[in-house]
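Undergrad: If you count the sequence shown from 1, position 129 lands on 128 in numbering that gives the first Met the number 0, and the numbers rise without skipping.
We put the CB at the ideal spot given by N, CA and C, even for glycine.
From a predicted model like this one, the values you see are computed outputs, not experimental measurements.
Here's a structure for you.
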Amino acid sequence: MFTLSEDQIAIRDMARDFANEQIAPYAVEWDETKHFPVQTLRAAAALGMGGIYVREDVGGSGLSRLDAALIFEQLATGCPGTSAYLSIHNMSTWMIDRFGDDAQRHRWVPRLAAMAHFASYCLTEPGAGSDAAALKTKAVRHGDHYIVDGQKQFISGAGSSDIYVVMVRTGGDGPKGISTLVIEAGTPGLSFGANERKMGWNVQPTRTVTFEGVRVPVENRLGEEGEGFRIAMAGLDGGRLNIGACSLGGAQAALEKTLAYMRERKAFGKRLDEFQALQFRLADMATELEAARTFLWRAASALDAKAPDATQLCAMAKRIATDRGFEVANDALQLHGGYGYLADYGIEKIVRDLRVHQILEGTNEIMRLIVSRALIAQGN
Ligand SMILES: Cc1cc2nc3c(=O)[nH]c(=O)nc-3n(C[C@H](O)[C@H](O)[C@H](O)COP(=O)(O)OP(=O)(O)OC[C@H]3O[C@@H](n4cnc5c(N)ncnc54)[C@H](O)[C@@H]3O)c2cc1C
């Protein structure tokens, strides 16, 4: 577990080369212009990164969660926001591959894995964020269709995506009344709000998604009625690892930039990297990152092995990786002095991008809730 195989090293290096050549040089400009890098994402998909842990018979790469964590970390060294959109696309595509029947898998997944089509994950609502099981978007069955009404909030990729994996209420209150529908862009009654103005993640659009009398064929439902919450949470186990990996990559890039900067920058007649207080700070940053990375790999291996405590470990890993990642990036900004605050150095963008990782895919408070509930249940 602590040594990567030759294949994994090759996968990691391929993703880092891609990030260095096709993402990093453009990341600051994409952030400023709010450019969603569709062609770059398609180029990543051509290398197998559109359906990383999706089965090969529908165009996926058939790789493990650990492989995916390596890829998302490396892509995020170029731009955390770009890597994070790809991670949400992968999560949604995997949900169709894992919970769809053969007809559904063959209908949607090949184009998603190739990123001819993009996917969004639609769980959060204006009145249901952390308490996702309180969602209210309603799907009422009429013969062989559902009629969907309601609204989703904060949907990454919305308006640009072709496929929406949507959690809806088909039954009574609580998690058991939730089902998952695949809704295609262009379906009458489906509309999108304005692109939200936000602190970071400017390379990907975030919009509300509104459903007004949207007719969705029953054959678009993943799994059975009432299984939607379980499907949504299964997606998030992997999604949380991926977001954690994006934080590690952003922070790693910030650390590398800082090392280079401190070699050059002088104060009081010495290079910054000659001050022991700052050297110790660098040591702590690298140590915190390595600890979070090692733990994330452990959680990814547990998910690959379908270990009974995988959900708990993924929640722990998400919290550690996103908290440590943000702190390291913020320290990197501090070590750049005033220059860290300027957009040209690329550090403040990383800090802004990583901040939201502590909030989405379940806030870090909700990660503690998952872990503490499991602990208390074991105690009982
Ligand atoms: C840029 C961005 C992109 C996003 N992309 C998506 C997406 O693609 N798809 C999607 O479905 N969602 C997406 N989200 C939504 C995100 O997952 C939610 O914002 C998040 O789950 C928190 O929900 P909320 O914002 O409603 O906060 P709330 O649930 O209102 O929480 C407010 C605060 O209270 C805390 N809190 C709530 N309940 C508890 C509790 N029981 N114990 C302790 N603390 C608690 C929270 O941790 C938080 O600090 C995105 C959000 C952002 C900002």
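May I have the straight-line CA-CA distance separating Asp-272 from Met-261, to the nearest angstrom?
TA: Within the sequence shown, numbered from 1, the residue matching residue 272 stands at position 273. Within the sequence shown, numbered from 1, the residue matching residue 261 stands at position 262. Rounded to the nearest whole angstrom, the C-alpha separation of Asp-272 and Met-261 is 5 Å.
Undergrad: Count the other CB atoms within 10 Å of the CB of His-105; is the residue buried (16 or more) or exposed (fewer)?
TA: Position 106 of the sequence shown, counted from the first residue, corresponds to residue 105. Its Cβ having fewer than 16 others within 10 Å, His-105 is exposed.
Undergrad: Can you give me the C-alpha to C-alpha distance between Ala-184 and Ile-162, rounded to a whole angstrom?
TA: Within the sequence shown, numbered from 1, the residue matching residue 184 stands at position 185. Within the sequence shown, numbered from 1, the residue matching residue 162 stands at position 163. Going by the C-alpha atoms only, they are around 6 Å apart.
Undergrad: Got a sec, what are the start and stop residues for the alpha helix (DSSP H) Ala-282 sits in?
TA: On the sequence shown, position 283 is the one that residue 282 refers to. Unbroken alpha helix (DSSP H) run through Ala-282: 275–303.
Undergrad: Touching or not, the stretch 324–339 and the stretch 249–261, by the rule of three or more beta carbon pairs under 8 Å?
TA: By the criterion of at least three beta-carbon pairs nearer than 8 Å, the stretch 324–339 is in contact with the stretch 249–261.
Undergrad: Tell me whether Tyr-120, by its Cβ, gets closer than 7 Å to a heavy atom of ligand 1.
TA: For the purposes of this step, residue 120 is identified with residue 121 of the sequence shown, where counting begins at 1. The answer is yes for Tyr-120.
Undergrad: Do Tyr-52 and Ser-91 count as a contact pair if the criterion is CB distance below 8 Å?
TA: Mapped onto the sequence shown, residue 91 falls at position 92. Mapped onto the sequence shown, residue 52 falls at position 53. For Ser-91 and Tyr-52, no; Cβs fall outside 8 Å.
Undergrad: By the 10 Å Cβ neighbour count, where 16 or more other Cβ atoms means buried, how is Glu-5 classified, buried or exposed?
TA: Position 6 of the sequence shown, counted from the start, is the residue given in the question as residue 5. Under this definition Glu-5 is an exposed residue.
Undergrad: Where does Thr-136 sit, in a helix, a strand or coil, going by DSSP?
TA: Stepping through the sequence shown from its first residue, residue 136 is reached at position 137. Coil.
Undergrad: Alpha carbons only, please: which of Asp-56, Thr-209, Gly-49 is nearest the one belonging to Gln-150?
TA: Locating residue 150 in the sequence shown gives position 151, where the first residue counts as 1. Cα-wise, what sits closest to Gln-150 is Thr-209.
Undergrad: Taking all protein chains shown into account, decide if Asp-343 is buried (16 or more other Cβ within 10 angstroms of its Cβ) or exposed.
TA: Translated into the one-based positions of the sequence shown, residue 343 becomes position 344. Asp-343 is exposed by the Cβ-count criterion.
Undergrad: Between the alpha carbons of Leu-312 and Gly-238, how many angstroms are there, rounded?
TA: Counting from one through the sequence shown, the residue named residue 312 turns up at place 313. Counting from one through the sequence shown, the residue named residue 238 turns up at place 239. When rounded, the distance between both Cα atoms is 13 Å.
Undergrad: Any idea if Asn-379 is buried or exposed, counting beta-carbon neighbours within 10 angstroms, 16 or more meaning buried?
TA: Within the sequence shown, numbered from 1, the residue matching residue 379 stands at position 380. When all chains shown are included, Asn-379 counts as exposed.
Undergrad: Can you tell me which residues form a DSSP beta bridge with Arg-372?
TA: Translated into the one-based positions of the sequence shown, residue 372 becomes position 373. Partner(s): none; Arg-372 has no beta bridge.
Undergrad: What residue from Arg-354, Trp-93, His-335 has the CA that sits closest to Glu-326's CA?
TA: The residue you call residue 326 lines up with position 327 of the sequence shown. Of the candidates Arg-354, Trp-93, His-335, the one whose C-alpha sits nearest the C-alpha of Glu-326 is Arg-354.
Undergrad: CB of Gly-227 to nearest heavy atom of ligand 1: below 7 Å?
TA: Taking the first residue of the sequence shown as position 1, residue 227 is located at position 228. Answer for Gly-227: no, Cβ out of range of ligand 1.
Undergrad: Go ahead and pull the three-state DSSP assignment for Gln-203.
TA: Reading the sequence shown from its first residue, position 204 is the one you call residue 203. Gln-203: coil per DSSP, three-state reduction.
Undergrad: Once the 5 residues before and after Lys-197 are set aside, which same chain residues still bring their CB inside 7 Å of it?
TA: If you number the sequence shown from 1, residue 197 lands on position 198. Leaving aside the five residues that flank Lys-197 on each side, the residues in its chain whose CB is nearer than 7 Å to its CB run, in chain order, Thr-205.
Undergrad: I'd like the list of long-range same chain contacts for His-116, defined as Cβ closer than 7 Å, with 5 residues on each side in sequence excluded.
TA: Here residue 116 is taken as the residue at index 117 of the sequence shown, counted from 1. Arg-110, Asp-161, Ile-162, listed in sequence order.
Undergrad: Within a Cβ cutoff of 8 Å, which residues of the same chain sit near Lys-175, ignoring the five residues on either side of it in sequence?
TA: If you number the sequence shown from 1, residue 175 lands on position 176. These residues qualify, in order along the chain: Gly-225, Phe-228.
Undergrad: Since I believe Met-94 is in contact with Ile-70 (beta carbons under 8 Å), could you give me their beta-carbon distance rounded to a whole number of angstroms?
TA: As a working mapping, residue 70 is identified with position 71 in the sequence shown. As a working mapping, residue 94 is identified with position 95 in the sequence shown. Not really, about 18 Å apart at Cβ, beyond 8 Å.
Undergrad: Would you mind working out which of Gly-126, Val-139, Ala-252, Ile-319 sits nearest Glu-211, comparing C-alpha positions?
TA: Sequence index remark: in the sequence shown, residue 211 carries index 212 (1-based). Of the listed residues, the one whose Cα sits closest to Glu-211 is Val-139.
Undergrad: For Gly-212, write down the residues that DSSP places opposite it in a beta bridge.
TA: Along the sequence shown, read from residue 1 onward, the residue named residue 212 stands at position 213. Note: Gly-212 sits in no beta bridge, so no partner.
Undergrad: Can you tell me where the beta strand (DSSP E) holding Ser-155 begins and where it ends?
TA: Position 156 of the sequence shown, counting from 1, holds the residue named residue 155. Residues 144–155.
Undergrad: Indicate whether the contact test is met: 3 or more Cβ pairs, each with one atom in the stretch 71–81 and one in the stretch 29–47, closer than 8 Å.
TA: yes
Undergrad: CB of Thr-257 to nearest heavy atom of ligand 1: below 7 Å?
TA: In the sequence shown, the residue the question calls residue 257 occupies position 258. Result no, Cβ not under 7 Å from ligand 1.
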